[in-house]
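There are 2 protein chains.
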Amino acid sequence: MWSGDDTALFPAPEGELLFTTDLMVEDVDFRTSYSNGFDVGWKLIAANASDIAAMGGRPWRAVASVAVRPETEVAFVDDLASGMAALCRKLDLGLVGGDFSSGREISASVAMIGIAGEGGPVLRNGARVGDALCVTGTLGGAAGGLLVLEEGIDADGSEDREALVAASQRPRPRVAEGRVLAGYARAMIDLSDGLAVDLGHLAEASGVGCEIDLDAMPLNRSLTWLCDRRLDTDPVALAVTGGEDFELLLSLDASDLSEARARVGELGTTLTQIGVVTGGPARIGDRDLDEWRAAGWQHLHNR
Amino acid sequence: MWSGDDTALFPAPEGELLFTTDLMVEDVDFRTSYSNGFDVGWKLIAANASDIAAMGGRPWRAVASVAVRPETEVAFVDDLASGMAALCRKLDLGLVGGDFSSGREISASVAMIGIAGEGGPVLRNGARVGDALCVTGTLGGAAGGLLVLEEGIDADGSEDREALVAASQRPRPRVAEGRVLAGYARAMIDLSDGLAVDLGHLAEASGVGCEIDLDAMPLNRSLTWLCDRRLDTDPVALAVTGGEDFELLLSLDASDLSEARARVGELGTTLTQIGVVTGGPARIGDRDLDEWRAAGWQHLHNR
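Residue numbers (this note's numbering), protein chains in the order written: chain A, 664 to 966; chain B, 664 to 966.
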């Protein structure tokens with residue numbers, strides 16, 4: 664244990680605790696050919712913090728378990744720790760312990776405790792018919808960045824390549840936004856597996872359907888560059904099926920939308936209505952959600 | 664997440680929280696040739712709970728991250744979950760969430776939250792010169808069991824083989840004992856890396872030395888059978904250098920020893936004095952602790 668004793672130790676906070684874990688495995692969840700240790704450590708903290716943000720909570724303490732190959736360079740491990748520490752510092756989150764082993768591939772998992780907001784946690788199951796469905800930020804950037812990296816598409820003088828790669832490799836969990844939106848959201852989830860999959864979770868948990876307007880989808884602007892370079896790529900499909908954008912998807916009373924948008928705007932983040940909650944089937948554009956979901960986010964090994 | 668939302672969720676308890684994680688990787692920390700999924704799941708919960716026991720705490724909530732090979736049989740994963748659940752039930756501990764991925768080898772990590780006892784946590788750094796050094800239960804059984812499994816030593820009509828294998832594969836973390844001993848211990852640690860290594864941690868944290876009487880060492884009884892079968896095996900060396908016994912090592916005022924022994928005895932567990940805390944060097948028998956430590960517990964891949 665890094666804390667120097669058998670376990671880390673701290674006074675319990677008041678309120679409700681949140682507890683989550685995420686795992687990243689080499690060549691399944693990342694590749695060392697284009698992700699350095701810093702990227703992997705950062706993203707692992709981001710994925711956990713995003714789960715807590717989706718409950719409207721505040722990340723509080725984390726522990727990490729890391730296995731590396733015998734031949735893994737020490738610099739990779741140092742960078743992994745630095746990447747975790749850098750995002751932990753930004754989030755004012757204590758990385759308090761860990762365990763190491765070795766393996767035939769690099770794998771790392773983080774477990775994180777969060778503290779629910781004063782109004783209590785936001786679950787997935789509260790969406791009501793007539794609610795507005797909204798997302799923070801823009802979608803499709805992480806999937807676009809992964810495509811750029813996997814296919815080795817070069818920058819060709821554009822800054823868009825780096826913007827997409829950053830969306831994929833250094834995601835920013837919407838912690839501050841989640842805490843603000845907890846005051847408005849009836850249901851909330853983070854977009855880790857892609858809009859189609861995560862909207863499906865929210866709709867199923869709430870027992871509702873939805874209509875999503877594809878023209879309203881806030882696309883990452885740099886996708887235009889990518890789709891000019893790679894003409895068979897549909898930016899809307901990346902936004903609907905691409906995972907790891909780590910934006911928040913929420914349902915809220917339509918009358919709260921302008922206030923919620925203004926409050927999130929103070930954090931420099933957009934909030935865009937992409938559809939409505941219905942009592943009918945779950946639909947995205949003119950297709951059933953399940954059709955999109957079947958084409959959803961693939962791990963690297965399925966690509 | 665198994666809890667069905669982005670994170671698990673529960674009211675914060677009162678008092679101090681303990682937080683720890685342990686990782687087990689195939690062919691480093693276990694082999695599927697002789698450990699089934701149940702064994703691995705059980706031991707992973709045991710290792711975490713043992714860390715919390717060493718602080719005098721009560722295991723409370725856990726999350727698991729598991730990666731399996733594409734060809735891993737579903738039964739192994741089911742057994743892994745069953746093994747975790749079985750020990751969690753015994754310990755009255757909630758397994759509240761998890762994450763899955765795939766990999767080229769099986770790896771599993773558990774992170775666990777515990778609650779410190781009413782008298783506060785027991786650290787490693789409180790040992791004082793003149794204290795009695797004691798261990799719960801017996802030592803060397805887990806190392807003996809691993810030797811039996813790694814070398815394929817058969818039972819030859821004896822029940823000792825199964826006793827050693829059980830010590831290695833289904834360790835019982837000393838949670839109830841730790842909570843009782845927290846009322847007496849000035850310093851405590853669990854024996855996961857072997858007596859020499861873990862005693863070294865305790866002595867260094869406390870800034871003290873020690874004298875350990877090898878004749879006082881409570882050896883696992885079945886080691887006699889093993890050492891009759893394998894004449895070059897020294898049971899005392901297994902007890903001093905073998906890891907994963909998950910017994911507790913503690914220092915306490917010698918005047919408290921008989922009461923502490925009686926209280927732990929009510930739980931059916933022995934408490935044996937193996938030495939004393941000194942102001943001199945750390946010694947085990949007539950050797951320096953560092954000599955033993957250099958020969959200490961090896962992961963499978965070093966065997």
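Beta carbons: idealized from backbone N, C-alpha and C, even for Gly.
Since the model is a prediction, treat every value here as computed from it, not as a measurement.
N- and C-terminal bounds of the alpha helix (DSSP H) containing A:Phe682: Looking at the DSSP string, A:Phe682 is not in any alpha helix (DSSP H); the run it does join, the beta strand (DSSP E), is 679–688.
Beta-carbon proximity check, A:Arg956 vs A:Val871, cutoff 7 Å: With contacts defined by Cβ atoms closer than 7 Å, A:Arg956 and A:Val871 do not form a contacting pair.
Start-to-end residues for the alpha helix (DSSP H) that takes in A:Glu954: Here the alpha helix (DSSP H) through A:Glu954 covers 952–957.
Cβ neighbours of B:Tyr697 in the same chain (closer than 7 Å, five flanking residues each side left out): Correct list, in chain order: Leu812.
Members of the region 755–768 of chain B that neighbour chain A once the beta carbon cut-off is set at 9 Å: Per Cβ criterion, the list reads Val759, Gly760, Gly761, Asp762, Phe763, Ser764, Ser765, Gly766, Arg767, Glu768.
Where the region 667–685 of chain B meets chain A: residues whose CB sits under 9 Å from a CB there: With the criterion set as a beta carbon lying under 9 Å from some beta carbon of chain A, the members of the region 667–685 of chain B are Gly667, Asp668, Asp669, Thr670, Ala671, Leu672, Phe673, Pro674, Ala675, Pro676, Glu677, Gly678, Glu679, Leu680, Leu681, Phe682, Thr683, Thr684, Asp685, in sequence order.
Contact check, A:Ile776 vs A:Gly720, beta carbons under 7 Å: Not a contact, by the Cβ cut-off of 7 Å.
Beta carbon of B:Ala774 nearer than 7 Å to that of A:Ala774: The answer is yes: Cβ separation under 7 Å.
Three-state secondary structure assigned by DSSP to A:Ala730: Reduced to three states, the DSSP call for A:Ala730 is strand.
For A:Glu922, the first and last residue of its enclosing alpha helix (DSSP H): Here the alpha helix (DSSP H) through A:Glu922 covers 920–928.
7 Å Cβ cutoff, B:Val688 in contact with chain A: Cβ-Cβ to chain A under 7 Å: yes for B:Val688.
Min CB distance B:Asp953 to chain A below 7 Å: It does not; no Cβ of chain A falls within 7 Å.
Partner residues on chain A for B:Val715, Cβ-Cβ distance less than 9 Å: Before going further, note that residue 715 of chain B is Ile rather than Val in the sequence given. Simply Asp669, Thr670.
Closer than 8 Å at the beta carbon, the chain A residues around B:Val726: Chain A residues near B:Val726: Phe682, Thr683, Thr684, Ala774.
Chain B residues whose Cβ lies nearer than 7 Å to that of A:Pro784: What A:Pro784 touches in chain B: Leu672.
Span of the alpha helix (DSSP H) around A:Leu858: It spans 858–869 - the alpha helix (DSSP H) in which A:Leu858 sits, taken as one unbroken run.
Sequence-distant residues of the same chain with beta carbon closer than 6 Å to A:Ser821, five excluded per side: Closer than 6 Å at Cβ, skipping near neighbours: Trp888.
A:Leu934 and B:Ala675 closer than 7 Å at C-beta: In this structure, the beta-carbon distance from A:Leu934 to B:Ala675 does not fall below 7 Å.
Neighbourhood of A:Thr683 by C-beta, 8 Å cutoff - its chain only, sequence neighbours within 5 removed: For A:Thr683, where only same-chain residues beyond five positions count, the Cβ hits under 8 Å are Asn711, Asp714, Ile715, Ala774, Met775, Gly777.
CB contact below 7 Å: B:Glu910 versus chain A: Residue-level contact by beta carbon fails for B:Glu910 and chain A, as no gap is shorter than 7 Å.
Test item: CB-CB of A:Met718 and B:Thr670 under 7 Å: Cβ atoms of A:Met718 and B:Thr670: closer than 7 Å.
Cross-chain neighbours of B:Ile852 in chain A, by beta carbon under 8 Å: Those within 8 Å of B:Ile852 in chain A are Asp669.
C-beta contact flag for B:Ala845 and B:Gly789 at 7 Å: For the 7 Å CB-CB criterion, B:Ala845 and B:Gly789 do not form a contact.
Integer-rounded CB distance, given that B:Asp853 should sit under 8 Å from B:Leu911: Right, the Cβ-Cβ distance comes to about 6 Å (below 8 Å), so this counts as a contact.
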